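*Asks:*
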Amino acid sequence: MKRALALVFLSTWLAAPDVLAQGKLTIITTTEDLASLAREVGGDRVGVEALARGYQDPHFVEAKPSFILKLQKADVLVAIGRELEIGWLPPLITQSRNAKIQPGGPGYLDGSLTAQILDIPQGQITRAMGDVHPLGNPHYWLDPENGKRIAKALAGKFSELRPNDRSYFEQRLAGFVTRLDEAEKRWLAIMAPFKGTKVVTYHRSFPNFAERFGLDIVGYVEPRPGIPPTPQHTLDLIREMKRLNVKLVLIEPYFDSKTPNAIGRATGAEVLVLPPSVGGVKEAGDYLALFDYDVNLLASAIRKTGAH
Amino acid sequence: MQVSSVVRASVVLGLLVLPVGANAQTRGDGLQQQIEQLRTEMDALRHDYEARLAALEAKLAEVQSTAPAATPPAAAPAPPTTAQAAAPEGQGTLPVYGAGALGSKIFNPDIAVIGDFLGTGGRNLVAPAPALAMHESEASFQAIVDPYARADFFLSFGESGVDLEEGFLTLTSLPGGLLTRVGKMKAAFGKVNTLHNHVLPWADRPLVTENLVGGEEGLSDAGISVARLIPNPWLFLEVTGQVLRGDSEADLFRSSRRGDLSYVGHLRAFQDLSESTNIDLGVSYSRGHNAAGIVDGTDIGRFTTELFGVNGTVRWRPLRRAIYRSFIGRTELVWSRRQQFGGRQDAMGYFLSGDYQLARRWFGGVRYDRSERADDATLFDRGGSVVVTYWPSEFSQVRGQYRHTRYAEDSAANELLFQFLFSIGAHGAHPF
Chain W
1 MKRALALVFL
11 STWLAAPDVL
21 AQGKLTIITT
31 TEDLASLARE
41 VGGDRVGVEA
51 LARGYQDPHF
61 VEAKPSFILK
71 LQKADVLVAI
81 GRELEIGWLP
91 PLITQSRNAK
101 IQPGGPGYLD
111 GSLTAQILDI
121 PQGQITRAMG
131 DVHPLGNPHY
141 WLDPENGKRI
151 AKALAGKFSE
161 LRPNDRSYFE
171 QRLAGFVTRL
181 DEAEKRWLAI
191 MAPFKGTKVV
201 TYHRSFPNFA
211 ERFGLDIVGY
221 VEPRPGIPPT
231 PQHTLDLIRE
241 MKRLNVKLVL
251 IEPYFDSKTP
261 NAIGRATGAE
271 VLVLPPSVGG
281 VKEAGDYLAL
291 FDYDVNLLAS
301 AIRKTGAH
Chain Z
309 MQVSSVVRAS
319 VVLGLLVLPV
329 GANAQTRGDG
339 LQQQIEQLRT
349 EMDALRHDYE
359 ARLAALEAKL
369 AEVQSTAPAA
379 TPPAAAPAPP
389 TTAQAAAPEG
399 QGTLPVYGAG
409 ALGSKIFNPD
419 IAVIGDFLGT
429 GGRNLVAPAP
439 ALAMHESEAS
449 FQAIVDPYAR
459 ADFFLSFGES
469 GVDLEEGFLT
479 LTSLPGGLLT
489 RVGKMKAAFG
499 KVNTLHNHVL
509 PWADRPLVTE
519 NLVGGEEGLS
529 DAGISVARLI
539 PNPWLFLEVT
549 GQVLRGDSEA
559 DLFRSSRRGD
569 LSYVGHLRAF
579 QDLSESTNID
589 LGVSYSRGHN
599 AAGIVDGTDI
609 GRFTTELFGV
619 NGTVRWRPLR
629 RAIYRSFIGR
639 TELVWSRRQQ
649 FGGRQDAMGY
659 FLSGDYQLAR
669 RWFGGVRYDR
679 SERADDATLF
689 DRGGSVVVTY
699 WPSEFSQVRG
709 QYRHTRYAED
719 SAANELLFQF
729 LFSIGAHGAH
739 PF
């Protein structure tokens, strides 16, 4: 028994104390979009890393132990929130052994708290509606206005943790907002002639994008959120698309393109892989590049198909 | 009102016609009396009708006046459940459901219930299971206790009786990177022992678990668990030490004195081989007093059981198609050293399994089992399974499993297991 006790205690106390980075703030974000915004605001005073890749479905990330190591060393954890990461982030946080980034801790930031959230369900909701997000649509980062709000929240959080660098973060925030404002004017100008273009999307990933840039989402490839396409729903969707003359189907890079392609062939619509996240395609390397890529891709597709 | 005027006219007409006809047929005092009687009856009837008609007219008018106002909202195509653009500009605050006195509900734990229905067909003389069973219903209650801890309760309801499957406090912010659990928990011996029924890729548990690690309940006990990460530049390395009371339901361990604690040690190594492939390895050790030496309620033998385990998992999941394709290969080897009257029995068992995701909702798997018996290592059982699982949604699963087992008693069993798993309530974490 003594031997076993010794084994238990020896094994648990083994190893050197943690090494904490004292200079740069270590920022871990759940998605690459948040990572890009954190880099814009934090500059060279922060080290930023994202857990999920931009080309993977952010609802279904694996809670790998290698992520625990990243979270253990984090000063700040930035999450999208609205239950987007509910399937994988909570167990990682619990096992992180990091008091700072526990929900409610000084290093935990939910990006959705200052953003404009769409699709907040009203009244009774049940899972018969599919995997609905009871706190609203979590794909809110696809609106530059929300990008500014998240950036502001990040600057606030960084300044709180590194008060000496407050002016640095605020300066970087101001610079980013100016660049984003200019770019947004450009994007809006590109999209202005196509206001009201009817589109169909795979998942409900684009409500904020559609609202900002004047797209009219008239249907979804998924019959209900999180439920894969069914033959009946696909037929109904094709009929509806023909009736409304919809010429564009937008899909996220992580969904199977088989059904969207079949819908495209039946309706003559173009199927466009539109990355909803930074890193979704190589060209969308940061937050500004993501919108550049998406807006230009959309505009040229609308021109080509005469969708408007 | 057309209807009412027609009725009124016919009533009046009837009043006129009746007396005339009556007069023409008979003459006499009795006749006059009868006429008077009829007249009063008719008057009563008329009053009654008029009152009813007035009421009907009033109702009709009411309906007509309100109808035009009621139609536009009914015709509006707004879906009743998801209002677009519900939040005003920049208002991301979380919605509060209910107010005032209901505010305290916000702190209620996340509650979920998972149902596990299991059916078994075929013949098994050694370990027969009921044809149809509501195998287990697990209720979970999970919440953050305070800035320092969270609590998780899992109650399992059989068809009769409730059991505390797990119930523990996790201290999340202890210094020194120690992740500490206090309560009743599934011991960190290997991988399968830590998993709840509903996250297993099979409808049953492998033979090695049944024979050597305490079966379905397994190594599950009250105690304290401490886990620490070992910093190193190469891989994820976590060591877990647990001190438990020394009892487990299937009599794997039995504590007859306060000092008969059981101990579990586990070392876990994890490494990403690439973005889509990773490997998860573990070695485990456990020791506790067994029930073999208990005669008439007294532990005269003071026998112990030692368990050694090695487990390995290889996962492959291409990130771009993560929701459609994946493969998980699992293996677990267990050696048991059980003291008993007549000497020590050294038994060994293992399983080897692979699960492949064919499509978003379809999974296929195979498993090979072989295990000696803990109390008589000369006896061994072996078997194999083929499993197909269908996920209608993230919240339910339907599973079919064909299982062939050849028991040591030279008895073969061919069985078909089918299982329905369904979850309601809070969205739990996906198993890893």
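The listed protein sequences derive, respectively, from chains W and Z.
All residue numbers for the first sequence refer to the working numbering, where the first residue is 1 and numbers rise by one.
All residue numbers for the second sequence refer to the working numbering, where the first residue is 309 and numbers rise by one.
We put the beta carbon where it would ideally sit given N, CA and C, even for glycine.
Remember, predicted model here, so these are calculated numbers, not experimental data.
Kindly confirm or deny that the segment 669-687 of chain Z and the segment 83-94 of chain W touch, where touching means at least three C-beta pairs closer than 8 Å.
*Replies:* The answer is no - the segment 83-94 of chain W does not touch the segment 669-687 of chain Z, with fewer than three Cβ pairs under 8 Å.
*Asks:* So what does DSSP say about I570 (chain Z), is it helix, strand or coil?
*Replies:* Position 262 of the second sequence, counting from 1, holds the residue named residue 570 (chain Z). The displayed chain sequence assigns Ser, not Ile, to residue 570 (chain Z). Correct three-state label for S570 (chain Z): strand.
*Asks:* Looking only at C-alpha atoms, which of W:F209, W:D131 and W:D294 sits nearest to F60 (chain W)?
*Replies:* Counted from its first residue, the first sequence places residue 60 (chain W) at position 60. For the residues W:F209, W:D131 and W:D294, the minimum Cα distance to F60 (chain W) belongs to W:D131.
*Asks:* Quick check: what's the CA-CA separation for I452 (chain Z) versus I238 (chain W)?
*Replies:* Here residue 452 (chain Z) refers to the residue found at position 144 of the second sequence. Here residue 238 (chain W) refers to the residue found at position 238 of the first sequence. If you take the alpha carbons of I452 (chain Z) and I238 (chain W), they lie about 47 Å apart.
*Asks:* For R553 (chain Z), which three-state DSSP category applies?
*Replies:* Here the question's residue 553 (chain Z) lines up with position 245 in the second sequence. Residue state, collapsed to three classes: coil.
*Asks:* DSSP three-state label for V547 (chain Z), please.
*Replies:* Position 239 of the second sequence, counting from 1, holds the residue named residue 547 (chain Z). Three-state DSSP puts V547 (chain Z) in a strand.
*Asks:* From the DSSP secondary-structure annotation, give me the bridge partner or partners of Q102 (chain W).
*Replies:* In the first sequence, residue 102 (chain W) corresponds to position 102, counting from 1. Partner(s): none; Q102 (chain W) has no beta bridge.
*Asks:* Does the CB of E702 (chain Z) have a neighbour CB from chain W at under 8 Å?
*Replies:* Mapped onto the second sequence, residue 702 (chain Z) falls at position 394. For E702 (chain Z), the answer is yes, since a Cβ of chain W falls inside 8 Å of its Cβ.
*Asks:* Would you kindly work out how many angstroms separate the C-alpha atoms of V434 (chain Z) and R690 (chain Z), rounded to a whole number?
*Replies:* Mapped onto the second sequence, residue 434 (chain Z) falls at position 126. Mapped onto the second sequence, residue 690 (chain Z) falls at position 382. C-alpha separation (whole angstroms): 13 Å.
*Asks:* Are the CB atoms of I101 (chain W) and R135 (chain W) within a distance shorter than 8 Å?
*Replies:* For this step, residue 135 (chain W) is matched to residue 135 along the first sequence. For this step, residue 101 (chain W) is matched to residue 101 along the first sequence. A small correction: the amino acid at residue 135 (chain W) is Leu; Arg does not occupy that position in the sequence shown. The answer is no: Cβ separation not under 8 Å.
*Asks:* Between the segment 693-712 of chain Z and the segment 515-529 of chain Z, are three or more C-beta pairs nearer than 8 Å?
*Replies:* Touching, no, given that fewer than three Cβ pairs across the two stretches are closer than 8 Å.
*Asks:* Identify whether P739 (chain Z) lies in helix, strand or coil by the three-state DSSP scheme.
*Replies:* If you number the second sequence from 1, residue 739 (chain Z) lands on position 431. DSSP places P739 (chain Z) in coil when its eight states are reduced to three.
*Asks:* Quick check: is the beta carbon of Y55 (chain W) nearer than 8 Å to any beta carbon in chain B?
*Replies:* This model lacks chain B altogether, as its protein chains are W and Z.
*Asks:* May I ask you to verify whether the segment 545-562 of chain Z touches the segment 621-630 of chain Z, counting CB pairs closer than 8 Å and requiring at least 3?
*Replies:* As far as the Cβ criterion goes, the segment 545-562 of chain Z does not touch the segment 621-630 of chain Z, which means the pair count is below three.
*Asks:* So, using beta-carbon positions, are R204 (chain W) and N137 (chain W) closer together than 8 Å?
*Replies:* Locating residue 204 (chain W) in the first sequence gives position 204, counting from the first residue. Locating residue 137 (chain W) in the first sequence gives position 137, counting from the first residue. Cβ distance < 8 Å, so R204 (chain W) and N137 (chain W) count as in contact.
*Asks:* On the DSSP bridge assignment, give the partners of H597 (chain Z) in chain order.
*Replies:* Mapped onto the second sequence, residue 597 (chain Z) falls at position 289. BP columns for H597 (chain Z) point to Z:T612.
*Asks:* Please return the same chain residues whose Cβ sits closer than 8 Å to the Cβ of L321 (chain Z), not counting the five positions on each side in sequence.
*Replies:* Numbered from its first residue, the second sequence carries residue 321 (chain Z) at position 13. Its pLDDT being 44, under 50, L321 (chain Z) is placed unreliably in this model, and the value from its coordinates should be taken loosely. Correct list: empty, nothing qualifies.
*Asks:* As an exercise, report each continuous beta strand (DSSP E) stretch of at least 3 residues that is fully enclosed by the segment 655-710 of chain Z, in chain order.
*Replies:* 670-681 and 684-701, all fully within the segment 655-710 of chain Z.
*Asks:* Looking at L77 (chain W): is its Cβ nearer than 8 Å to the Cβ of I28 (chain W)?
*Replies:* Taking the first sequence and counting its residues from 1, one reaches residue 77 (chain W) at position 77. Taking the first sequence and counting its residues from 1, one reaches residue 28 (chain W) at position 28. Going by C-beta atoms, L77 (chain W) is nearer than 8 Å to I28 (chain W).
*Asks:* State the DSSP-derived secondary structure class of T31 (chain W), mapped to helix, strand or coil.
*Replies:* Translated into the one-based positions of the first sequence, residue 31 (chain W) becomes position 31. T31 (chain W): coil per DSSP, three-state reduction.
*Asks:* Beta carbons nearer than 7 Å to chain Z: which residues of the segment 84-100 of chain W have them?
*Replies:* Cβ contacts with chain Z come from I86, G87, W88, P90, P91, T94, Q95, R97 and A99.
*Asks:* Quick one: list the residues of chain Z neighbouring Q102 (chain W), beta-carbon separation under 9 Å, in chain order.
*Replies:* Numbered from 1 along the first sequence, position 102 holds the residue referred to as residue 102 (chain W). What Q102 (chain W) touches in chain Z: I452, P455, Y456, R458, T480 and S481.
*Asks:* For L109 (chain W), which option in W:M129, W:L288, W:A74 and W:H133 has the closest C-alpha, if you only look at C-alpha atoms?
*Replies:* Here residue 109 (chain W) is taken as the residue at index 109 of the first sequence, counted from 1. For the residues W:M129, W:L288, W:A74 and W:H133, the minimum Cα distance to L109 (chain W) belongs to W:A74.
*Asks:* Looking at the C-beta of A21 (chain W), does it have a partner C-beta in chain Z at a distance below 8 Å?
*Replies:* Locating residue 21 (chain W) in the first sequence gives position 21, where the first residue counts as 1. For A21 (chain W), the predicted model reports a pLDDT of 39, less than 50, meaning its position is unreliable; a value from the coordinates is still stated below. False, the Cβ-Cβ gap to chain Z never drops below 8 Å.
*Asks:* Determine which residues of the segment 638-668 of chain Z have a Cβ less than 8 Å from any Cβ of chain W, and write them out in chain order.
*Replies:* So the list reads R668, given in the order they occur along the chain.
*Asks:* Spatial neighbours of L545 (chain Z) within its chain, please: C-beta separation below 6 Å, excluding the five flanking residues on both sides.
*Replies:* Locating residue 545 (chain Z) in the second sequence gives position 237, counting from the first residue. For L545 (chain Z), where only same-chain residues beyond five positions count, the Cβ hits under 6 Å are I538 and A577.
*Asks:* Inspect the beta-carbon positions of G427 (chain Z) and S445 (chain Z) and report whether they are closer than 8 Å.
*Replies:* To locate residue 427 (chain Z), count along the second sequence from 1; it is residue 119. To locate residue 445 (chain Z), count along the second sequence from 1; it is residue 137. Not in contact: G427 (chain Z) and S445 (chain Z) (Cβ atoms no closer than 8 Å).
*Asks:* If A301 (chain W) and E270 (chain W) are in contact, beta carbons under 8 Å, what's the gap, nearest whole angstrom?
*Replies:* Taking the first residue of the first sequence as position 1, residue 301 (chain W) is located at position 301. Taking the first residue of the first sequence as position 1, residue 270 (chain W) is located at position 270. Going by Cβ atoms, the distance from A301 (chain W) to E270 (chain W) rounds to 5 Å, so yes, they are a contact pair.
*Asks:* Report the rounded CA-to-CA distance for W141 (chain W) versus L589 (chain Z), giving the unit in angstroms.
*Replies:* Counting from one through the first sequence, the residue named residue 141 (chain W) turns up at place 141. Counting from one through the second sequence, the residue named residue 589 (chain Z) turns up at place 281. Between W141 (chain W) and L589 (chain Z), the C-alpha separation is close to 38 Å.
*Asks:* Shorter than 8 Å from the beta carbon of E62 (chain W) to some beta carbon of chain Z?
*Replies:* Looking up residue 62 (chain W) in the first sequence gives position 62. So, interface residue.
*Asks:* Could you give the distance in angstroms between the alpha-carbon of V46 (chain W) and the alpha-carbon of K157 (chain W)?
*Replies:* Taking the first residue of the first sequence as position 1, residue 46 (chain W) is located at position 46. Taking the first residue of the first sequence as position 1, residue 157 (chain W) is located at position 157. Cα to Cα, V46 (chain W) sits roughly 12 Å from K157 (chain W).
*Asks:* For the candidate residues Z:R638, Z:L479 and Z:T612, whose alpha-carbon lies nearest to that of A600 (chain Z)?
*Replies:* In the second sequence, counting from the first residue as 1, residue 600 (chain Z) sits at position 292. Among Z:R638, Z:L479 and Z:T612, the Cα nearest to that of A600 (chain Z) is on Z:T612.
*Asks:* Quick test of your reading: A38 (chain W) and L154 (chain W), contact by CB under 8 Å. State the CB separation rounded to the nearest angstrom.
*Replies:* Position 38 of the first sequence, counted from the start, is the residue given in the question as residue 38 (chain W). Position 154 of the first sequence, counted from the start, is the residue given in the question as residue 154 (chain W). Indeed they touch by this definition, with Cβ atoms about 6 Å apart.
*Asks:* Within the same chain, show all residues whose beta-carbon is closer than 8 Å to that of L113 (chain W), passing over the 5 residues directly before and after it, in chain order.
*Replies:* To locate residue 113 (chain W), count along the first sequence from 1; it is residue 113. Within the same chain, L113 (chain W) has close Cβ partners G81 and A153.
*Asks:* Let me know if T502 (chain Z) comes out buried or exposed under the rule of 16 or more other beta-carbons within 10 Å of its beta-carbon.
*Replies:* Numbered from 1 along the second sequence, position 194 holds the residue referred to as residue 502 (chain Z). It counts as buried.
*Asks:* Would you report the Cα separation of R431 (chain Z) and T713 (chain Z), rounded to the nearest angstrom?
*Replies:* Position 123 of the second sequence holds residue 431 (chain Z). Position 405 of the second sequence holds residue 713 (chain Z). Answer to the nearest angstrom: the Cα atoms are 10 Å apart.
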